[in-house]
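Heads up, the thing below is written out as structure tokens.
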Amino acid sequence: MASAFTDGRIDVEALVRSVASDEHGAICTFVGTARRRSEGKEVRRLRYEAYLPMAEAAVAEIVAAARARWPQAEIAARHRLGDCPLGEASVAVVAAAPHRDEAFAACRFVIDTVKAQAPIWKQEVFTDGTAWVGDPASFRSGGAGAAGGAGAAGGRGP
Amino acid sequence: MASAFTDGRIDVEALVRSVASDEHGAICTFVGTARRRSEGKEVRRLRYEAYLPMAEAAVAEIVAAARARWPQAEIAARHRLGDCPLGEASVAVVAAAPHRDEAFAACRFVIDTVKAQAPIWKQEVFTDGTAWVGDPASFRSGGAGAAGGAGAAGGRGP
Amino acid sequence: MLLFAGLRERAGRDELVLDGLPAGATVEQAIAQARGIVPGLDSVAFAVARNRRLLPAANGRREALAEGDELALLPPVSGG
Amino acid sequence: MLLFAGLRERAGRDELVLDGLPAGATVEQAIAQARGIVPGLDSVAFAVARNRRLLPAANGRREALAEGDELALLPPVSGG
């Protein structure tokens, strides 16, 4: 199975093609993108880091759980690591199913559970510093370059 | 505003681009495609017809109702008319919003309401005849060509 | 009167010209005339649109027609 | 012991080598040692993974470590 993670752009169309078939009448796609504003602050870009082997296993388990619950659904998920410019996709989930109830439900379940459980971290890069989301005390001043070096590859190898 | 209807392939990526922006962190896309099987019968292709001026107004009203309910959402919808080969998109709805609750809800509302209310009709073309969905007495034997001629343009002009 | 989908196929055409409706005729009278032209018109539960707005199921068909009204018979919709 | 995100930045490195833990030391003992190395370790509520499985919040930290265990400290996740 392909990795659920990529250091570059997420190819959403390829992800859709990987699950679409003429047995499935419904395809629900969720794409999360990097927003310009976060709680009133101007964001310059996002940066993602993962505990890669654990995160791969987590996403695979979440997709397997969705397929157990909606057996006719085909599901694919991809998350970006490293720098993510504004407007570009940080995560994409596609669920194809015979009918739209299953497609919507499976897609929603996977994105909700990946966000809640997978060991992935998002850093917001502001004009005046950086901060890890969910860890307010992590703010470091110094602008866009402050966190360079560490985590530049966006993830950890095994 | 662009027409919500097209006689050719739906360009889903262009539809997504038309609503995406870096103010919106969440994009939910629904694509309905022509399925090979319908209630146990083999389908060769679908054919769609609309009461075009009324259907345009209906889709515009549905999108406007969704925007009234989720004011931060940007929404686009496209429906195919005429022949739709297996596996190709017959309808696409995209909702972009700051957060995924709104994106999923607006997308779901629009596809559900378009399907329930817009004056659009789907004909299934089987190997042995054709039938309009929801009108079982409309079955006409004679294979894929049976309904040729009438409605070939897939819709009615004003 | 415009016809769509299965009704269009049953009639063999997409529009009926209804002649000889008296002034002040109702929607129901127009439908009655269509019954004589479209075989199996009542084999499907259709809705009626007048000037591209759906008529209320309750008593919309009792409305009187006006010159130039566009009537359409709509079988159950099945888009998507 | 692997560190991520804000914890990695606070420590200035992505891995700690914990020396001198006694045989049969618990996860909590390893964390106590990390407290001496990572400034502000407790400024964020972190979870602990052992061999890439999340430890139960209730009493997972009382488990005894085995040779070769991979421990990781995970700040609140924020993927998506």
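Protein chains in written order, with our numbering: chain A, 313 to 470; chain B, 313 to 470; chain C, -12 to 67; chain D, -12 to 67. Glycine residues also receive a C-beta, built at the ideal position from the N, C-alpha and C atoms. All values derive from a computational prediction rather than experimental measurement.
| query | result |
| --- | --- |
| Quick one, which residues of the region 333 to 356 of chain A are near chain B if we go by CB-CB under 8 Å, in chain order? | 333, 334, 335, 336, 337, 338, 339, 340, 341, 342, 343, 344, 345, 346, 347, 348 and 349 |
| Is there a Cβ from chain A that is less than 7 Å from the Cβ of residue 438/B? | no |
| According to DSSP, which residues form a beta bridge with residue 336/A? | Answer is none; residue 336/A lacks a bridge partner. |
| Which one of 345/A, 382/A, 408/A and 361/A has the shortest CA to CA distance from residue 330/A? | 408/A |
| Step through the CB atoms of chain A and report whether any lies within less than 7 Å of the CB of residue 31/D. | yes |
| Quick one: using the 10 Å Cβ neighbour count with 16 as the cut-off for buried, is residue 327/A buried or exposed? | buried |
| Quick check: is the beta carbon of residue 358/B nearer than 7 Å to any beta carbon in chain A? | no |
| Output the distance between the C-alpha atoms of residue 469/A and residue 364/A, rounded to the nearest integer angstrom. | With a pLDDT of only 40 at residue 469/A, under the threshold of 50, the placement of this residue in the model should not be trusted; the figure read from the coordinates follows. Approximately 6 Å between the Cα atoms of the pair. |
| Thinking residue 340/A and residue 421/B are a contact (beta carbons under 8 Å), I'd like their distance in whole angstroms, please. | Contact doesn't hold; Cβ gap of about 14 Å is too wide. |
| Does chain B have any CB closer than 7 Å to the CB of residue 26/C? | no |
| If we ignore side chains and look at the alpha-carbon of each, how far apart do residue 1/C and residue -8/C end up? | 9 Å |
| If contact is defined by three or more beta carbon pairs under 8 Å, each pair taking one atom from either stretch, is the region 393 to 403 of chain A in contact with the region 35 to 43 of chain C? | no |
| Helix, strand or coil for residue 387/B? Go by DSSP, reduced to three states. | strand |
| Would residue 353/A be called buried (16 or more neighbouring beta carbons within 10 Å of its own) or exposed? | exposed |
| Is the beta carbon of residue 59/C sitting closer than 7 Å to the one on residue -11/C? | yes |
| Quick one: what's got a C-beta closer than 6 Å to residue 412/A's C-beta in the same chain, skipping five residues either side? | 338 |
| Buried or exposed: where does residue 4/C fall if 16 or more other Cβ atoms within 10 Å of its Cβ makes it buried? | exposed |
| Suppose you measure from the CA of residue 436/B to the CA of residue 410/B; what does that come to, to the nearest Å? | 38 Å |
| Ignoring anything shorter than 4 residues or poking outside the region 371 to 430 of chain B, list the alpha helix (DSSP H) runs there in chain order. | 412 to 429 |
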